[in-house]
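Notes follow once the structure below has been shown.
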Amino acid sequence: MPIGAVIEFTSITKKFGQVTAVNDLSFTVEPGRVTGFLGPNGAGKTTTLRMLLGLVAPTSGTATFGGLRYRDLPRPLHTVGAALEAASFHPGRTAAHHLGVYTIAAGIPRTRVAEVLHTVGLAEHASQRVGGYSLGMRQRLGLAYSLLGDPGVLVLDEPINGLDPEGIKWIRGFLSSMAAEGRTVLVSSHLLSEVQQSVDDVIIIAKGELVHSGPLSSLDTNIAPQVIVDSPDRDALIAALTEAGLPFTSGRTGLIVAVPDPGRVGHIAFAAGVELNALHRQKAGLEESFLALVEGGDSL
Amino acid sequence: MNLILRPVAAEFSKILTTRMWWILALVLFGYITLLAGGLAALFGGLDSGAITPDAMNAGGGGADLTSLGSVPLLIYSFASSVGYVFPVLLGALATTGEFRHQTLTPTFLATPKRGRVLGAKTIALFVVGAALGVVGLAASVGVGALVLGGFGVDPLLADGETWALIGRTVLAMALWAVIGVGLGVLVPSQVASIVIVLAFTQFVEPLLRFAATFTEVTADIGKFLPGAASDALVGESFYALTSPGMAVLTSWQGGLVLLAYGLAATVGGYFISWKRDVT
Ligand SMILES: Nc1ncnc2c1ncn2[C@@H]1O[C@H](COP(=O)(O)OP(=O)(O)OP(=O)(O)O)[C@@H](O)[C@H]1O
Ligand SMILES: [Mg+2]
Chain A
1114 MPIGAVIEFT SITKKFGQVT AVNDLSFTVE PGRVTGFLGP NGAGKTTTLR
1164 MLLGLVAPTS GTATFGGLRY RDLPRPLHTV GAALEAASFH PGRTAAHHLG
1214 VYTIAAGIPR TRVAEVLHTV GLAEHASQRV GGYSLGMRQR LGLAYSLLGD
1264 PGVLVLDEPI NGLDPEGIKW IRGFLSSMAA EGRTVLVSSH LLSEVQQSVD
1314 DVIIIAKGEL VHSGPLSSLD TNIAPQVIVD SPDRDALIAA LTEAGLPFTS
1364 GRTGLIVAVP DPGRVGHIAF AAGVELNALH RQKAGLEESF LALVEGGDSL
Chain B
2 MNLILRPVAA EFSKILTTRM WWILALVLFG YITLLAGGLA ALFGGLDSGA
52 ITPDAMNAGG GGADLTSLGS VPLLIYSFAS SVGYVFPVLL GALATTGEFR
102 HQTLTPTFLA TPKRGRVLGA KTIALFVVGA ALGVVGLAAS VGVGALVLGG
152 FGVDPLLADG ETWALIGRTV LAMALWAVIG VGLGVLVPSQ VASIVIVLAF
202 TQFVEPLLRF AATFTEVTAD IGKFLPGAAS DALVGESFYA LTSPGMAVLT
252 SWQGGLVLLA YGLAATVGGY FISWKRDVT
C-alpha cells in the first residue's frame, strides 16, 4: 500500500511580470486526509499546484513532498499522481495510447492502462480518440493519468468540473477511500459546497494569499453564531428583546438575535411571559463562512 | 540507462500513436515517385532513342555518356534534395504539438528532467527521420531504378557509390528531422513553425542559394545554407546541375554543418521555450 507523503509549501511566491499570482504561501497537507484547496477564480490555486509539480518555477520559496522537490523524486509518477485542469491530450490519440505513452516514460506496467481506465469508468472508450471525448470524459481521463503509478499522493485541480451528478458522487467516495488508505489527497475547487462532503481539512486562499487553514469544522466558528427566535405574539417578543437591550433584526422565519446563547433569549422571553414557538441557534453556513473569508479583501 | 531509454521509447510511442507520420510518409513516397519516376522516364527515353545499352555498357562514347553516368544518382538524390521538407515538418510537429495540445504537462510530470525529454525527442526523431529517408529512397531508388532499367539504362545498383549515396541520404534525412525538433522549440507556435518550414525550404532558401552564386564571397557563405550543406552531404543534387561550378562543402563538412544547425536550434529552443513555465 503506497504511503502518502506530507506536502509542504514554504513561503512560495510567484510573480508573472507585474502580477503577483501567489504571495508568500506556507501550509502543509497531511496524509490520510482529504484536503480541500479553495479560493475564488484567479486566487492562484492552479499556479500553486503547478509550482508544486515543477511545471511553474516559483519566484521564491519551495514546495516539497516528504522533503523532496517534485523534480528530485526518484519515481515521480509512483509517488505523486496529478490531474490539472487544462485538457492535456493530443486529440488524435486514443485514451489507451495516451496513457500508454506515459507508462513507457515512467516504467509502469502496460496493464495499468486498462486498470485505471476501468477505475474511472472509461473502459468502453479506451480505444476512442480523445478528440471526440466530452468534458467529463476528459476529466476522467486526466484522473486516470494521475492513478497510473498507484501514487501515495494525489494532487487534483478542480477534478469535479464537468462531471455529472453520478460522477461527482463517485469521485467524492473515491477521494475519501484514497485518504482512508493513508494517501495524501489535495483537491482544489472554487466552490466549498463542491467538496464540503468529502474534505477533512481546508486551505483557503484569496488573491494569492492564505486566509484560512485547518479542519473543515474550523470554518464553523469563523462567523459569530446567531439565535433565531419567534413567537405567536411577535410584537410582545420585540418589546421584550428591546427592553433587554439585545440587538436583533427581523427575518423571514423569526427574529435574528445577535447573541450566541439561545438560553439567554429564552430566559428573557420567559421573564416577560412571551410564548415562543421557535428558539434555536443558527450556525452560519460553511459556505457563508467561506465567502466571508475570501471576500475579506476587496472582491474580484 | 532506463533514464534515457524510457523517454526515447515514449517519444517513439507518441509519434506512432498519431497519424501524422504515415500521412507524411505516404505523401513523401508519392511525391518522390512522381519526380524520380518522371525524370527517369525522361532520361531513359532520350537515352534509349540516342544510344544502345550495349554501347553504354562498353563504356564507349563521348561527353554525353559521362554526364549520363551520374543521372541515376541524381534521380536517387531526390529522396533528400526534394524530400527533406518532410522530416523537418515531422520534427517540428512533434515539438510544437506538445505546446499546442498542452501535452507538456503529462510529459514533464512523467519525466521532470526536461533536458532529458528534449534529448529523447531528438534521438527518436533522428531515427524516424532516417526511416523517412528509407521511404524517400524506396521511391527515388526503387521507382527510379525500375524505370531506368525499363529503358535499358544501367541503374548502377551494383555500384558501391550508389549505396554510399543511399546511406548518406538516410543520414541527411535523419539530421533534417533533428533540425525540425530544434525549429519547433525555437518557434513553439505550430502554425508559425509550419509556415517557416514551407516558406524557407520551398522559396527563401532556393532563392538565397541561387543569389549566392553571383559572387565568390556570397557563394562561400551560401554553401553553408542548410539545403546546400545537405546536398553536399549527400553528394549529388539537382541544384549542382542548375548552378554548375557553385562552391560546395565536402560531404562530411556538409553533415557537420547540418548537425550544427539542428543542435544549435535545439539548444537555443531549450532556453527560449522548453525551460519555461508550463501554465
Ligand atoms: N501564464 C500566466 N501569465 C500571466 N499571469 C498568469 C499566468 N497564469 C496565471 N496568471 C495569473 O495568476 C493569477 C492566478 O491564476 P490561477 O490560474 O492560478 O488561479 P486559479 O485559482 O487557479 O483560478 P481558477 O479558479 O479560475 O482556476 C491570475 O490573476 C492569473 O491571471
Ligand atoms: Mg485554476
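Protein chains in written order, with the working numbering: chain A, 1114 to 1413; chain B, 2 to 280.
For every residue, glycine included, the Cβ atom is placed at its ideal position computed from N, Cα and C.
As the structure is a prediction and not an experimental result, all values here were calculated from the model.
Cutoff 9 angstroms: Gly1179/A Cβ touching any chain B Cβ: On the first sequence, residue 1179/A is found 66 positions in, with the first residue counted as 1. No, Gly1179/A lies away from the interface with chain B (no Cβ there is under 9 angstroms from its Cβ).
Spatial neighbours of Leu74/B within its chain, please: CB distance less than 6 angstroms, with the 5 preceding and 5 following residues excluded, ordered by chain position. Within the second sequence, the letter at position 73 stands for residue 74/B. Result list for Leu74/B: Leu166 and Glu237, in chain order.
With hydrogens ignored, establish whether the beta-carbon of Asp1137/A is closer than 8 angstroms to any heavy atom of ligand 1. Here the question's residue 1137/A lines up with position 24 in the first sequence. Asp1137/A Cβ: outside cutoff for every heavy atom of ligand 1.
Within chain B, partners of Tyr1258/A - CB distance below 7 angstroms: By 1-based counting over the first sequence, the position of residue 1258/A is 145. Pro107, listed in chain order.
Anything in chain B within Cβ reach of Pro1264/A, meaning under 9 angstroms, just list it in chain order. Residue numbering aside, residue 1264/A sits at position 151 when the first sequence is read from its first letter. Simply none; closest approach about 11 angstroms.
DSSP three-state assignment for Lys276/B, whether helix, strand or coil: Locating residue 276/B in the second sequence gives position 275, where the first residue counts as 1. Looking at Lys276/B - three-state DSSP - the assignment turns out to be coil, as it is neither helix nor strand.
Mind checking Ser1402/A: buried by the 16 CB within 10 Å criterion, or exposed? The sequence position of residue 1402/A within the first sequence is 289, counting from 1. It is buried - the Cβ of Ser1402/A has at least 16 other Cβ atoms within 10 Å.
Residues in the segment 2-27 of chain B having any Cβ partner in chain A nearer than 7 angstroms: Asn3, Arg7, Pro8, Ala10, Ala11, Ser14, Lys15, Thr18, Thr19 and Arg20
Go ahead and label Asp1270/A buried or exposed: buried means 16 or more other beta carbons lie within 10 angstroms of its beta carbon, across all protein chains shown. As a working mapping, residue 1270/A is identified with position 157 in the first sequence. With 16 or more other Cβ atoms within 10 Å, it is buried.
Through-space distance from Leu1267/A to Thr280/B, alpha-carbon basis: Taking the second sequence and counting its residues from 1, the one referred to as residue 280/B is at position 279. Taking the first sequence and counting its residues from 1, the one referred to as residue 1267/A is at position 154. Rounded to whole angstroms, Thr280/B to Leu1267/A spans 19 angstroms at the Cα level.
Just the C-alpha distance for Arg115/B and Pro1338/A, rounded to the nearest angstrom, thanks. The count along the second sequence starts at 1 and reaches residue 115/B at position 114. The count along the first sequence starts at 1 and reaches residue 1338/A at position 225. Using only the alpha carbons, I get a separation of about 52 angstroms.
Any contact of the segment 1314-1324 of chain A with the segment 1351-1363 of chain A, i.e. 3+ C-beta pairs under 8 angstroms? no
Straight-line CA distance for Gly63/B to Ala159/B? As a first step, residue 63/B must be located in the second sequence, where it is residue number 62. As a first step, residue 159/B must be located in the second sequence, where it is residue number 158. With a pLDDT of 37 at Gly63/B, under the threshold of 50, the modelled position of that residue is not reliable, and the figure given next carries that caveat. Between Gly63/B and Ala159/B, the C-alpha separation is close to 23 angstroms.
So within the segment 1337-1372 of chain A, which uninterrupted beta strand (DSSP E) runs reach at least 3 residues, ignoring any that extend past its ends? 1339-1343, 1361-1364 and 1367-1370
For Ser1201/A and Leu1248/A, the rounded distance between their alpha carbons: One-based indexing of the first sequence puts residue 1248/A at position 135. One-based indexing of the first sequence puts residue 1201/A at position 88. Approximately 12 angstroms between the Cα atoms of the pair.
Backbone CA spacing between Asp1185/A and Arg1225/A [nearest angstrom]: Counting from one through the first sequence, the residue named residue 1185/A turns up at place 72. Counting from one through the first sequence, the residue named residue 1225/A turns up at place 112. So the two alpha carbons sit approximately 24 angstroms from each other.
Could you compute how far the alpha carbon of Thr1159/A sits from the alpha carbon of Ile273/B? Here residue 1159/A refers to the residue found at position 46 of the first sequence. Here residue 273/B refers to the residue found at position 272 of the second sequence. When rounded, the distance between both Cα atoms is 23 angstroms.
If you draw a straight line from the C-alpha of Val182/B to the C-alpha of Arg169/B, how long is it? If you number the second sequence from 1, residue 182/B lands on position 181. If you number the second sequence from 1, residue 169/B lands on position 168. Roughly 20 angstroms separates the two Cα atoms.
For a test of your reading of the model: does the CB of Gly1255/A fall under 8 angstroms from any non-hydrogen atom of ligand 1? Yes or no. Here residue 1255/A corresponds to residue number 142 of the first sequence, with the count starting at 1. Checking the Cβ of Gly1255/A against ligand 1 gives no.
Note down, in chain order, every chain A residue with its Cβ under 8 angstroms from the Cβ of Lys114/B. Taking the first residue of the second sequence as 1, we reach residue 114/B at position 113. Ordered by position in chain A, the residues that pass the 8 angstroms Cβ test against Lys114/B are Arg1184.
Compare the Cα-Cα distances from Arg1182/A to each of Arg1163/A, Ala1196/A, Val1342/A and Leu1197/A and report the closest residue. Here residue 1182/A refers to the residue found at position 69 when the first sequence is read from its first residue. Arg1182/A has its Cα closest to that of Arg1163/A, out of Arg1163/A, Ala1196/A, Val1342/A and Leu1197/A.
Any beta carbon of chain B sitting closer than 9 angstroms to that of Ile1217/A? Position 104 of the first sequence, counted from the first residue, corresponds to residue 1217/A. Answer yes: the Cβ-Cβ gap between Ile1217/A and chain B drops below 9 angstroms somewhere.
Let me check you understand the geometry: is the CB of Gly1157/A closer than 8 angstroms to at least one non-hydrogen atom of ligand 1? The count along the first sequence starts at 1 and reaches residue 1157/A at position 44. At least one heavy atom of ligand 1 is nearer than 8 angstroms to the Cβ of Gly1157/A, so yes.
Mind reading off the beta-carbon distance from Ala1319/A to Ala1156/A? Whole number of angstroms is fine, and I expect it under 8 angstroms. Within the first sequence, numbered from 1, the residue matching residue 1319/A stands at position 206. Within the first sequence, numbered from 1, the residue matching residue 1156/A stands at position 43. Correct: roughly 5 angstroms between the Cβ atoms.
State the Cα-Cα distance for the pair Ser1124/A and Ser1173/A, rounded to the nearest angstrom. Counting from one through the first sequence, the residue named residue 1124/A turns up at place 11. Counting from one through the first sequence, the residue named residue 1173/A turns up at place 60. Distance between the alpha carbons of Ser1124/A and Ser1173/A: 7 angstroms.
Any heavy atom of ligand 2 closer than 8 angstroms to the CB of Leu278/B? Locating residue 278/B in the second sequence gives position 277, counting from the first residue. The amino acid at residue 278/B is misidentified as Leu; the sequence shows Asp. No, since every heavy atom of ligand 2 falls outside the 8 angstroms radius drawn around the Cβ of Asp278/B.
Restricting to Cα atoms, I'd like to know which of Met174/B, Ala200/B, Ala26/B and Val186/B is closest to Leu105/B. To locate residue 105/B, count along the second sequence from 1; it is residue 104. Residue Val186/B is the option with its Cα nearest to Leu105/B.
Integer Cβ distance of Ile16/B from Trp23/B, believed to fall under 8 angstroms: As a position in the second sequence, residue 16/B is number 15, starting the count at 1. As a position in the second sequence, residue 23/B is number 22, starting the count at 1. Actually they are not in contact, since the Cβ atoms of Ile16/B and Trp23/B sit about 10 angstroms apart, beyond 8 angstroms.
Residues near Ile1281/A by beta carbon distance below 6 angstroms, same chain, minus five either side: Reading the first sequence from its first residue, position 168 is the one you call residue 1281/A. The answer, listed in chain order, is Ile1273.
In chain A, what lies closer than 8 angstroms to Val279/B by C-beta? To locate residue 279/B, count along the second sequence from 1; it is residue 278. Going along chain A in sequence order, the residues near Val279/B (Cβ under 8 angstroms) are Arg1163, Leu1168 and Val1169.
Is the beta carbon of Asp1263/A within less than 8 angstroms of some heavy atom of ligand 2? Start at 1 with the first residue of the first sequence, and residue 1263/A comes out as number 150. Because no heavy atom of ligand 2 lies under 8 angstroms away, the Cβ of Asp1263/A does not count as near it: no.
Under the three-state reduction of DSSP, which class applies to Leu1413/A: helix, strand or coil? Along the first sequence, read from residue 1 onward, the residue named residue 1413/A stands at position 300. Its pLDDT being 38, under 50, Leu1413/A is placed unreliably by the model, and the measurement read from it follows with that caveat. If DSSP states are grouped into helix, strand and coil, Leu1413/A belongs with coil.
When you compare the CB of Tyr271/B with every CB in chain A, is at least one pair closer than 9 angstroms? On the second sequence, residue 271/B is found 270 positions in, with the first residue counted as 1. Not closer than 9 angstroms to any Cβ of chain A, the Cβ of Tyr271/B fails to qualify, so no.
Quick one: Cα of Val1407/A to Cα of Val1214/A, how far? As a first step, residue 1407/A must be located in the first sequence, where it is residue number 294. As a first step, residue 1214/A must be located in the first sequence, where it is residue number 101. Answer to the nearest angstrom: the Cα atoms are 40 angstroms apart.
From this set, Phe225/B, Val218/B and Ser252/B, which residue's C-alpha is nearest Ala233/B's C-alpha? Locating residue 233/B in the second sequence gives position 232, counting from the first residue. The option with the nearest alpha carbon to Ala233/B is Ser252/B.
Excluding the 5 residues preceding and the 5 following Phe13/B in the sequence, name in chain order all residues of the same chain whose CB lies nearer than 7 angstroms to its CB. Start at 1 with the first residue of the second sequence, and residue 13/B comes out as number 12. Same-chain partners within the cutoff: Ala125.
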